[in-house]
Each structure stands twice: as C-alpha cells, then as structure tokens.
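Single-structure report; data block below.
Residue numbers (the working numbering), protein chains in the order written: chain X, 25 to 413; chain B, 72 to 171.
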C-alpha cells in the first residue's frame, strides 16, 4: 500500500452528493445507498463515521461530471478513466465520469459501489497499491457482491486512522477548518531510530524507483531527503521470507532486487519474492564470498560490485567466469572510500553513494575518487538522507 | 464500446498513458530528448515499472498483454505520485538541505 501523506484529523466526516448521474438506471435513492455502502467499507476497520448532508460545507463532495469539469483532469467517456478523487490535503472530493453506465448489483455497466469504495480510499489519504487483490489497486475489477478491504488495505487505512475500537469513542466536530487536515508526516527530527543511530544494514532502489534502507528487523522507505510516512515497518510484514539483519542488496537492470545474508541470497521484484529463493551465493554468484558488506551496481560501468572487509570484487554476469582471477582487489583503489562499509547505492540521480557507521560518501566516477564537494565527505546520513536535525 | 486509448504498437499512446499515471515523473528532461523516449528502449524502464505495478511479467516490451492492461478501465489517480508534492501543498521542506 502507499500513503499519500495527508489525512483527516477528525474521524467524523460528512459528505454530499452535489451532482447525481444524469443517465443510467440508478435513481437518486440508489446512488445514495451505494455511496453509503462504499463509505461503510472503510468504517468496518476504523472509527471513521460518515454522515450525508444535503447542503452546506462537507468534507467529501461527490459529483458525477463529464469531460473537462474544471480540475484540469478531464474524463474520457465510457471506459478508460472511471473516476478520480482528491487526497485530504486537496479537499477529498470524488468525481465520477457521468458518461459511464453506472449500475448496482449487476454485471452490466460499471459498478458504482466498487468504484466509489476505491475512490473514497483516496479521499481518506491512500494512494494506489500494487497488490492486485487490494481495493486500492488501480484497475476496475468488475462487479463484486460486497467489496471489502484486504489485508493490504486494512494496514493502510489503520496506519492513518488506527484500528477500530470496541466502542465508538469518536467525538464529532461540526466545523470544518484547515486544522482538520494534517500531514501524517512524522516529525523526523524526533521520532525514528535512524536519527539516534544512522548505521544501516543495506540500502537499495527497487524497480519502482523506491529507495529502501534496512536496519535490523525494520526497513524504511526514503523520499527526497527523509523517511516516508508510515515507516519504519517490519521486514517480516512486507518482504515474504526475508530475514532480519541482512548484509547487502542491489537491483539489477533486469528489475530484480537481490538481497544477501550469510551464504544465501533472495530475489524480489519490488516486494514480491520470486519462487525458488533463497539460493546459495555460491550458485548464483560464483566467485563472491559469503557475508558481504556491500553490493551495488556501479554507475561508472553498470557492473555489479561486492565489498567485503578491505577487498572488493567485480561481478559481470555476462562473462565466464563472472569474477576474474585478478579479484579481489583492495578497496583502497576507490580513493577515499573506507574498508568495512555498510552498503553502497547507485541512486536515482546517477551517483554512487557509500555508507559506513552513519556517514556517507558520494563518489566521483570520472575522477574515480570521493567527490570533492562542500561540505566535504563524509557527511552524516541522518541529516542528509533520513530527515533528522 | 469504449475507444482503446493505448493502441498496439503505438509508443506515443503508451507514453501518454505512462505520463498520465505518473510513471515518467522522474524523467530528467535535460537528458532525455523526445525522440529517444519514443523508442522501445526509451520507454523500457517505464513500461517495466508499469508491468511490475500491475503484477504482470516484467519484460519492458509493449506487448499485447501490456496494451490490454493499459486499456483496462481504471481510476484516474496517478499510480506514482513522484517524490515531490505539489507546490501549493502544506508540506514543510527543510530548505537548507538540498536534494541529493
């Protein structure tokens, strides 16, 4: 799942259907009923409540519109885009394409209940999920008797609004103000462990361009220069079969992420483990020792490098043997890079970064030495990467 | 019947789709000329990201299955929100710290 970054601060939300569909077989009462059911999908697992209003300001305005309707994201008629919604910080409203043939309890047309339940996930602060079984997957699944949240959806909504309590403790606020929207952006200067101890086990960028840091039993997702909302998370929750305290990881140009620990390695496509793993390093990476310190694809030549203690190995999967006899070579060849590093990363900006003991170095590929920048390297990763003060 | 928006063998329509749903938001406009993008190789990375997100075989090819998936009815919100929020958001940035 993915959290957009904003959420409602109150749990008693109001909504209004300001423009009903102009065609199709559904009456206004039908639409009211289906919209209510769609919102109930989210109340089943949280303390959120939704109250329909017929007039006045509401949290979530719902309307059926066609073509260009004033928000710069026009609808396209039947099929294609069915609807869209705005995250809490942008108002939370939901728009539905009035040119769709909206239906209820039928395999014909486009099922309003399922579409609306998905859109209201956005209104509450959720982005799309790459879990195909999740309600927040972006593609329309067709008529389902009773749309419901799967585990991925439940984790997402409860990350924002907490679990459903046994009694209704929610208090209601009648006025809407900007104070009702907040960013569920943890104050990174005070909260997460990387601010106290910025040493890491591994860092890599997955196929979907998400950059992850692994430390102990947890992992973090990085955004810009801090940690993404909702993190850290337990490795065991999201990376099926992967142990804690990994050694190193990298993503190869085939889109696969290779994660190493001890004598074994695992292979993932984003967070989905490929079958048949783990495998021995000796089988898949002939010539590479166990328990490596770091693994990365060097931006200079696109080949895979492994670092261990004071040595490094170059692995070329297209050559036989993949590691030449001239390896290992001393890390001191990488001018300015220390021995026993924690991990290294070719970042999305094209530079290669090396991490050790909470510090990092940026490498100048052309000069083949640590970048001569101001401030100089090493720099503290806690400030420059993890959003700490 | 709905008109398919992404056509077989049409890299342009595929690129429009990938742009619309946020897969190309990280594109470095200084280093990618449009003619480079409009090739199978130019879009390969973005097609792979879409295929991975959609739970498909990750080939990087605009094959018929990929086109079919791109023409599936769907939500209009981007799949990839990118690393930055819109300029008029209320998110606080630490301006003294430049991006990596």
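Even glycine gets a Cβ: it sits at the ideal position worked out from N, Cα and C.
All values derive from a computational prediction rather than experimental measurement.
In the DSSP assignment, find the beta strand (DSSP E) that holds residue i and state where it starts and stops.
i: residue 119 of chain X; result: 118-121
i: residue 377 of chain X; result: 376-380
i: residue 365 of chain X; result: From DSSP, residue 365 of chain X is part of no beta strand (DSSP E); its letter is neither H nor E.
i: residue 164 of chain X; result: Per DSSP, residue 164 of chain X belongs to no beta strand (DSSP E) and is neither H nor E.
i: residue 189 of chain X; result: Run containing residue 189 of chain X: none; DSSP gives neither H nor E here.
i: residue 408 of chain X; result: Residue 408 of chain X -> not in any beta strand (DSSP E); alpha helix (DSSP H) instead, spanning 405-408.
i: residue 30 of chain X; result: 30-32
i: residue 228 of chain X; result: 226-229
i: residue 222 of chain X; result: No beta strand (DSSP E) contains residue 222 of chain X, which DSSP labels as neither H nor E.
i: residue 358 of chain X; result: Unbroken run through residue 358 of chain X: none, as it is neither H nor E.
For the alpha helix (DSSP H) containing residue i, list its first residue and its last residue.
i: residue 247 of chain X; result: Here residue 247 of chain X belongs to no alpha helix (DSSP H); instead the beta strand (DSSP E) covers 242-247.
i: residue 138 of chain B; result: 135-141
i: residue 418 of chain X; result: Because residue 418 of chain X is not part of the residues shown, which for chain X are 25 to 413, the question remains open.
i: residue 82 of chain X; result: Run containing residue 82 of chain X: none; DSSP gives neither H nor E here.
i: residue 139 of chain X; result: 136-148
i: residue 41 of chain X; result: Run containing residue 41 of chain X: none in the alpha helix (DSSP H); it sits in the beta strand (DSSP E), 36-43.
i: residue 305 of chain X; result: 305-308
Whose C-alpha, out of the options, is nearest the C-alpha of residue i?
i: residue 125 of chain B; options: X/261, X/161, X/381; result: X/161
i: residue 361 of chain X; options: X/26, X/378, X/51; result: X/378
i: residue 138 of chain B; options: B/94, B/146, B/122, B/151; result: B/122
i: residue 129 of chain B; options: X/180, X/221, X/91, X/292; result: X/292
i: residue 149 of chain X; options: X/356, X/413, X/66; result: X/66
i: residue 119 of chain B; options: B/113, B/149, B/112, B/131; result: B/131
i: residue 404 of chain X; options: X/386, X/392, X/76; result: X/386
i: residue 354 of chain X; options: X/363, X/264, X/335; result: X/335
i: residue 97 of chain X; options: X/125, X/118, X/300, X/280; result: X/118
i: residue 390 of chain X; options: X/322, X/411, X/61; result: X/322
i: residue 296 of chain X; options: X/64, X/28, X/231, X/146; result: X/231
i: residue 27 of chain X; options: X/279, X/254, X/261; result: X/254
i: residue 384 of chain X; options: X/366, X/217, X/29, X/268; result: X/366
i: residue 324 of chain X; options: X/121, X/42, X/364, X/376; result: X/376
i: residue 234 of chain X; options: X/285, X/373, X/43, X/48; result: X/373
i: residue 331 of chain X; options: X/340, X/368, X/343, X/143; result: X/368
i: residue 58 of chain X; options: X/182, X/90, X/128, X/124; result: X/128
Which residue or residues does DSSP assign as beta-bridge partners of residue i?
i: residue 339 of chain X; result: X/328
i: residue 82 of chain B; result: Its beta-bridge partners do not exist; DSSP assigns none.
i: residue 69 of chain X; result: Note: residue 69 of chain X sits in no beta bridge, so no partner.
i: residue 385 of chain X; result: X/378
i: residue 132 of chain X; result: Beta-bridge pairing links residue 132 of chain X to no other residue.
i: residue 117 of chain B; result: According to DSSP, residue 117 of chain B bridges with nothing at all.
i: residue 27 of chain X; result: X/150
In chain A, what lies closer than 8 Å to residue i by C-beta?
i: residue 87 of chain B; result: Although the question refers to chain A, the structure presented lacks it and instead comprises the protein chains X and B.
Check: What residues from the segment 155-184 of chain X come within 7 Å of chain B, judged by C-beta to C-beta, listed N to C?
Finding: 156, 162, 163, 164
Notebook entry, point to check: Looking at C-beta atoms only, is the number of pairs between the segment 28-36 of chain X and the segment 72-80 of chain X that lie closer than 8 Å three or more?
Noted result: yes
Check: In the segment 216-236 of chain X, which residues sit with their C-beta less than 9 Å from some C-beta in chain B, listed in chain order?
Finding: 230, 231, 232, 233
Check: Given 8 Å as the limit, is there contact between the segment 82-90 of chain X and the segment 110-120 of chain X, that is, 3 or more CB pairs closer than that?
Finding: yes
Item checked: Interface residues of the segment 399-410 of chain X facing chain B [CB-CB below 9 Å] -> 407, 408, 409
Check: Can you list, in chain order, the residues of the segment 118-140 of chain B whose Cβ is nearer than 9 Å to any Cβ on chain X?
Finding: 119, 120, 122, 123, 124, 125, 126, 129, 131, 140
Notebook entry, point to check: Does the segment 271-278 of chain X come close enough to the segment 226-239 of chain X to have 3 or more Cβ pairs within less than 8 Å?
Noted result: yes
Margin query: Contact between the segment 293-306 of chain X and the segment 240-252 of chain X is defined here as three or more beta-carbon pairs at a separation below 8 Å; is this criterion met?
Written below: no
Checklist line | Contact list for the segment 285-300 of chain X against chain B, Cβ threshold 7 Å | finding: 293, 294
Checklist line | Residues, ordered as in the chain, of the segment 117-136 of chain X that lie near chain B by beta-carbon distance below 9 Å | finding: 119, 121, 124, 134
Margin query: Along the segment 81-112 of chain X, where does the CB come closer than 9 Å to a CB of chain B? Name the residues.
Written below: 97, 99, 100, 101, 102, 103, 104, 105, 106, 107, 108, 109, 110, 111
Notebook entry, point to check: Three or more C-beta pairs closer than 8 Å, one from the segment 77-89 of chain B and one from the segment 233-242 of chain X: is that the case here?
Noted result: no
Next item on the list: With 7 Å as the limit, tell me which residues of the segment 270-283 of chain X have their beta carbon closer than that to any beta carbon of chain B; keep them in chain order.
Entry: 279
Notebook entry, point to check: Should the segment 131-138 of chain X be called in touch with the segment 52-64 of chain X, which here means at least 3 C-beta pairs below 8 Å?
Noted result: yes
Notebook entry, point to check: Using a beta-carbon distance cut-off of less than 7 Å, what residues from the segment 36-50 of chain X approach chain B?
Noted result: none
Checklist line | Near-chain B residues of the segment 332-365 of chain X (beta-carbon distance less than 8 Å), N- to C-terminal order | finding: none
Notebook entry, point to check: Using 8 Å as the threshold, is the segment 174-182 of chain X in touch with the segment 150-159 of chain X, meaning 3 or more CB pairs across them?
Noted result: yes
Notebook entry, point to check: At a Cβ cut of 7 Å, what residues of the segment 246-272 of chain X count as close to chain B, listed as they run along the chain?
Noted result: 247, 248, 249
Notebook entry, point to check: When you check each C-beta in the segment 140-152 of chain X against every C-beta of chain B, which residues fall closer than 8 Å?
Noted result: 142, 143, 146, 151, 152
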